[in-house]
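Everything on this sheet refers to the single structure shown next.
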Amino acid sequence: MDNINHTDLISGFNNLKQLEISVKSAQKMVGTATMSMDEETLQHAENSLNDAKDLFKRAYSEQTGVDDEFFQTQEQLLQQCEQQLNAAKQ
């Protein structure tokens with residue numbers, strides 16, 4: 077019987093794909109929250125953004141150095157989400 081090595085990845089995607097999906101999800105959540113201005117939706121958007129930031133930190137710490145442009149793009153998207161969410165809360 078073959079041994080199967082399991083990682084802490086839930087979806088079967090690698091860290092970069094999980095990060096990309098998480099950032100896109102945060103973007104959508106923040107966009108929805110800032111349009112509705114509903115307190116609960118804003119909180120969910122903040123949670124989604126924090127989850128994406130955590131994934132970013134983990135993936136960035138494990139990077140091989142060949143994905144610099146990818147990480148820069150994802151970091152910029154996360155910063156834009158954070159700025160948009162902070163502006164909506166004020």
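For the sequence shown, my numbering assigns the number 77 to the initial residue and increments by one for each residue that follows.
Cβ coordinates follow ideal geometry from the N, Cα and C atoms, glycine included.
Contact annotation: the stretch 151-165 touches the stretch 103-117, with at least three C-beta pairs closer than 8 Å. C-alpha of Gln139 to C-alpha of Thr117: approximately 32 Å in a straight line.
Secondary structure note for Val99: its alpha helix (DSSP H) is the uninterrupted segment 91-112.
Distance between Ser124 and Ile97, taken at the CA atoms: about 11 Å.
Here the C-alpha atom of Thr149 lies approximately 27 Å from the C-alpha atom of Met113.
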